[in-house]
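Chains as they are written, first to last, in the working numbering: chain A, 43 to 605; chain B, 189 to 500.
Please read the structure below before turning to the comments.
Now the structure itself:
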């Protein structure tokens, strides 16, 4: 809506909202939130549904008839339960719905939950930081209503997302079903996606409740810890007993029995999580209502002892700003690795109880001695750890570009400092921050390995590979920023990191072509925790990182600064 | 007169940092009340408490007789607010932004909005992020003014505006008070506050140091008076007079500072053959600077009574 010229030529801005604008437009806080988030909700619904369609197509192509599916089930039963757990419970694999639930049921809430965390952590905290919340709250709408409108709008948007995905899931059964029973009734699809929606909102509610206290970034981090933590517990619990011990507090585990696509219904835990989520949203609303607008608690930051204050130039300036986050990411990733290592003995004990398992494992994971803690790291840590370091790199890019998006760069470059020098130094600081993260993670893991009596050297060196992996995503972000899209640099770096992880995790299941799967950098990490390096992959990572830096610097030197 | 804003021993602490301390203030209906103080003095803190955006550590604040923490929505219905620092939705146009806030309030007069847009010279068709600082300020002002609120709380309303638009803004504020509405504003442009406000409060390091009508504050200030006399006289001829201080003699020229009417001093000068008189009328800036130790004089509390004549 823009201004209109009236008959007299006067500028006219209609100020009475239509009824439709109350629900999707500038007629209310709710309407504006719907308006702002509708495109993302639609896109994610299509993405979720699209994955279900692709999964259906893969099933139809690979296992089109019952005999082939019986063979699939037999091969799954050959896998030890501890490894089957990685993919979730294989229930009803002889039908399309069961296959889709098995392959995507666990990962969908994690993928889509990131949106919920970002949206809900920013709903109030980002507006407060910008200063617009003061204006919104000073209208007669009232704080509680503002918060409730934003929550309600997000719930509606999530509902739209899961409804679209459910519809396409049902269509997948209709189009790609090849045996009787492959049809997926819409009610089952909705039942399955309702769980996804509830799990998304659960993570978002945590971010919503904590962001007014901790600020947007830390609120999102807490939400992400619940999102990814729950996923890790559910996915790797069977491998790592120490994770399994956490299952009672994971809402993923509570709702594991609700798999409507596979014909399993268990609504009470889903409703319980929904009620808990509503309670957390209510708590967040109460917190927002009672606290000073925009006031966050100084939760304290980890600091690197002896680091210069960072006033000598852009490299140290950026690095000193990133160090606390870098150490935080390193400790988080390292703690996850240490948790896996701590499960090594129990894992070996399970293997020993299963006769003939070694031969089978050697066939599935050639060259990997799963009785070594470092091998367990390879199996259960590297993929997810590399995703996390990619996201950390995206975060460091966000810090770098904030010089420009926060309008500091005009000041900085008014000093006798060339753009290219600023860009390269700042980019190098982001690389260094990734290095700090992986070094800290490597040290934490090494300590855990040392305590478990495992090989320390290879995993520590392997963390260097993770550093290169993270730097590659920093390079992508740098290129995007330098070429003229600083606002999108971190988003692109993070999205490519997630896409790379998903391609690696789901590409084969979706029967995607090899060339496409090979685009994922996660496919070229090698086996760094056990001393196996993919030289070609390492070269590619270095080229992407350094190339991104130079492309970005090249673009930076040629474009206007953005205000 | 009815007090629109009252604060009693209002205090806000941010952890160990001082916000405001025991602030007692009363703003009457229909006046333009200026709130002066340097950066960090506590002006924004006070305004945000009035809107219940932040809560007092102790003391109380009332707007329209309603305690700010008790029913802020009832207050907000009658208030227009312009924050000192704000950034709005960068993808919305100026028109969208104005509409959005009009919708949150309801009952906004479309013609008045158009008038404000025209008088402030805003192109509402551009996206907010494309606006200059001054144009963003115009959007904020229209958002604050468009519903003709009973009370306008404006934090640095003319920041970033060119002199012509500043003039328009103060015209609009005078129109508001002519309709019986009240304006509570902070500003760094002292001369403008001097010309525009009915009363002014000066805040320093979180504490209120003076509240009064502009004329009264001026009257309390020193005047710089310079006499050229027929012959040189000793400084003691004037320094012994009441309300006179800092007498300097340079040949036939005598300069001094005088509080209050200068008639008695002129009469005394006439006895020495008065040739010429130059008197510098004090302005608010002199008072303000004196309070902060930047002016040639000390604070005008020299009357010995603290002379916070209007505070309560």
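Even glycine gets a Cβ: it sits at the ideal position worked out from N, Cα and C.
These figures come from a predicted structure and were not determined experimentally.
Exercise. With a threshold of 16 other CB atoms inside 10 Å of the CB of residue 244 (chain A), please say whether the residue is buried or exposed.
Key: What you label residue 244 (chain A) is simply residue 202 of the first chain in a count that begins at 1. Residue 244 (chain A) should be labelled buried.
- Apart from the five residues just before and just after residue 69 (chain A), which ones in its own chain have a Cβ nearer than 6 Å to its Cβ? Taking the first residue of the first chain as position 1, residue 69 (chain A) is located at position 27. Around residue 69 (chain A): 59, 63.
_Counting only beta-carbon separations shorter than 9 Å, does residue 179 (chain A) have a partner in chain B?_
Indexing the first chain from 1 puts residue 179 (chain A) at position 137. It does; some Cβ of chain B falls within 9 Å.
(message) Which residue marks the beginning of the beta strand (DSSP E) containing residue 263 (chain B), and which one marks its end?
(response) As a first step, residue 263 (chain B) is located in the second chain; it is residue number 75 there, counting from the start. No beta strand (DSSP E) contains residue 263 (chain B), which is instead part of the alpha helix (DSSP H) from 260-264.
Q) Should residue 557 (chain A) be labelled buried (16 or more other beta-carbon atoms within 10 Å of its own) or exposed? A) Within the first chain, the letter at position 515 stands for residue 557 (chain A). It counts as exposed.
| query | In the DSSP assignment, what are the bridge partners of residue 216 (chain B)? | reply | Start at 1 with the first residue of the second chain, and residue 216 (chain B) comes out as number 28. For residue 216 (chain B), which the question treats as bridged, DSSP gives the partners B:191.
Who are the neighbours of residue 76 (chain A) on chain B, taking C-beta pairs under 8 Å?
Indexing the first chain from 1 puts residue 76 (chain A) at position 34. Result: empty, since nearest Cβ-Cβ is about 13 Å, beyond 8 Å.
The beta strand (DSSP E) enclosing residue 75 (chain A), as first and last residue numbers: Position 33 of the first chain, counting from 1, holds the residue named residue 75 (chain A). Segment 71-104 is the alpha helix (DSSP H) holding residue 75 (chain A); no beta strand (DSSP E) there.
Answer with yes or no whether the minimum CB distance from residue 183 (chain A) to chain B is below 9 Å. Position 141 of the first chain, counting from 1, holds the residue named residue 183 (chain A). True, the Cβ-Cβ gap to chain B drops below 9 Å.
| message | Does chain B have any CB closer than 9 Å to the CB of residue 63 (chain A)? | response | Position 21 of the first chain, counting from 1, holds the residue named residue 63 (chain A). Chain B contact via Cβ: present.
| message | So with CB distances below 9 Å, who are the chain C contacts of residue 337 (chain A)? | response | Given the protein chain composition of this structure (A and B), no chain C is represented.
Quiz item: Are there 16 or more other CB atoms within 10 angstroms of the CB of residue 204 (chain B), so buried, or fewer, so exposed?
Solution: Residue 204 (chain B) sits at position 16 when you count from the first residue of the second chain. The residue in question, residue 204 (chain B), is exposed, as its Cβ has fewer than 16 Cβ neighbours within 10 Å.
**Per-residue contacts from residue 79 (chain A) into chain B (C-beta, under 7 Å)** = Within the first chain, residue 79 (chain A) is the residue found at index 37, counting from 1. Those do not exist, as residue 79 (chain A) stays about 13 Å from chain B at its closest Cβ, beyond 7 Å.
Using a Cβ cut-off of 9 Å (strictly closer), state whether residue 174 (chain A) contacts chain B.
Locating residue 174 (chain A) in the first chain gives position 132, counting from the first residue. Interface residue, yes.
Quiz item: Quick one: what's got a C-beta closer than 8 Å to residue 80 (chain A)'s C-beta in the same chain, skipping five residues either side?
Solution: Counting from one through the first chain, the residue named residue 80 (chain A) turns up at place 38. The answer, listed in chain order, is 66, 199, 202.
TODO: Verify the CB distance criterion: does residue 69 (chain A) have a CB-CB separation below 9 Å to chain B?
DONE: As a first step, residue 69 (chain A) is located in the first chain; it is residue number 27 there, counting from the start. Taking Cβ atoms only, chain B reaches closer than 9 Å to residue 69 (chain A), which makes this a yes.
_On a Cα-Cα basis, can you pick out the residue from A:197, A:573, A:570, A:225 that is closest to residue 95 (chain A)?_
In the first chain, residue 95 (chain A) corresponds to position 53, counting from 1. The residue with the shortest Cα to Cα distance from residue 95 (chain A) is A:225.
Notebook entry, point to check: Which residues, in order along the region 238-254 of chain A, keep a beta-carbon less than 8 Å from a beta-carbon of chain B?
Noted result: none
| task | Give the DSSP-derived three-state secondary structure of residue 176 (chain A) in the structure shown. | result | By 1-based counting over the first chain, the position of residue 176 (chain A) is 134. Note: residue 176 (chain A) maps to helix in three-state DSSP.
Checklist entry - Taking Cβ positions, are residue 187 (chain A) and residue 71 (chain A) nearer each other than 9 Å? => result Here residue 187 (chain A) refers to the residue found at position 145 of the first chain. Here residue 71 (chain A) refers to the residue found at position 29 of the first chain. Yes, the Cβ-Cβ distance between residue 187 (chain A) and residue 71 (chain A) is below 9 Å.
Under a Cβ-count criterion, where at least 16 other Cβ atoms within 10 Å of its own Cβ denotes burial, should residue 31 (chain A) be classed as buried or exposed? One cannot answer for residue 31 (chain A) here, as it falls past the ends of chain A, which runs 43 to 605.
Worksheet item: Across which residues does DSSP place residue 415 (chain B) in a beta bridge pair?
Response: Reading the second chain from its first residue, position 227 is the one you call residue 415 (chain B). Residue 415 (chain B) is bridged to B:442, B:465.
Item to complete: Mind listing the chain B neighbours of residue 528 (chain A)? Cutoff is C-beta to C-beta under 8 Å, in chain order.
Response: Locating residue 528 (chain A) in the first chain gives position 486, where the first residue counts as 1. Chain B residues near residue 528 (chain A): none, gap ~13 Å exceeds 8 Å.
- prompt: What three-state label does DSSP hand residue 273 (chain B) in the structure shown?
  reply: Counting from one through the second chain, the residue named residue 273 (chain B) turns up at place 85. Residue 273 (chain B) falls in the coil class under three-state DSSP.
Worksheet item: Are the CB atoms of residue 431 (chain B) and residue 451 (chain B) nearer to each other than 9 Å?
Response: Counting from one through the second chain, the residue named residue 431 (chain B) turns up at place 243. Counting from one through the second chain, the residue named residue 451 (chain B) turns up at place 263. Their beta carbons are not under 9 Å apart, which means residue 431 (chain B) does not touch residue 451 (chain B) by this criterion.
Starting from residue 289 (chain B), trace the alpha helix (DSSP H) in both directions and tell me its first and last residue. As a first step, residue 289 (chain B) is located in the second chain; it is residue number 101 there, counting from the start. It spans 282-293 - the alpha helix (DSSP H) in which residue 289 (chain B) sits, taken as one unbroken run.
Practice problem: Starting from residue 428 (chain A), follow its DSSP beta bridges and name the residues at the other end. | Solution: By one-based count along the first chain, residue 428 (chain A) stands at place 386. According to DSSP, residue 428 (chain A) bridges with nothing at all.
ask   = Using a beta-carbon distance below 9 Å, is residue 354 (chain B) in contact with chain A?
value = Against the second chain, residue 354 (chain B) aligns to sequence position 166. No, no contact with chain A.
Local Cβ density within 10 Å of residue 263 (chain B), reported as buried at 16 or more and exposed below that: Taking the first residue of the second chain as 1, we reach residue 263 (chain B) at position 75. Its Cβ being crowded by 16 or more others within 10 Å, residue 263 (chain B) is buried.
- [ ] Give the DSSP bridge partners of residue 433 (chain B), in chain order.
- [x] Locating residue 433 (chain B) in the second chain gives position 245, counting from the first residue. Answer is B:445.
query = By Cβ distance, which residues of its chain are closer than 8 Å to residue 589 (chain A), with the 5 residues on each side in sequence left out?
reply = Indexing the first chain from 1 puts residue 589 (chain A) at position 547. 517, 521, listed in sequence order.
**OP:** Name, going along the chain, the residues of the region 313-337 of chain A whose beta-carbon falls closer than 9 Å to a beta-carbon of chain B.
**Re:** 332, 333, 334, 335, 336, 337
Listing by chain order, which chain A residues have their CB less than 7 Å from the CB of residue 472 (chain B)?
-> Counting from 1 along the second chain, the entry for residue 472 (chain B) is found at position 284. Going along chain A, no residue has its Cβ under 7 Å from residue 472 (chain B), so there is no contact; the nearest lies around 28 Å.
Legend entry - Where residue 191 (chain A) sits in the DSSP three-state scheme: Along the first chain, one-based indexing puts residue 191 (chain A) at 149. The answer is helix: DSSP assigns residue 191 (chain A) an H, G or I state.
Neighbour flag for residue 58 (chain A) against chain B, beta carbons, 9 Å: Numbered from 1 along the first chain, position 16 holds the residue referred to as residue 58 (chain A). Interface residue, yes.
Is the Cβ-Cβ distance between residue 230 (chain B) and residue 394 (chain B) less than 9 Å?
Walking along the second chain from the start, residue 230 (chain B) turns up at place 42. Walking along the second chain from the start, residue 394 (chain B) turns up at place 206. Result yes, Cβ atoms of residue 230 (chain B) and residue 394 (chain B) sit closer than 9 Å.
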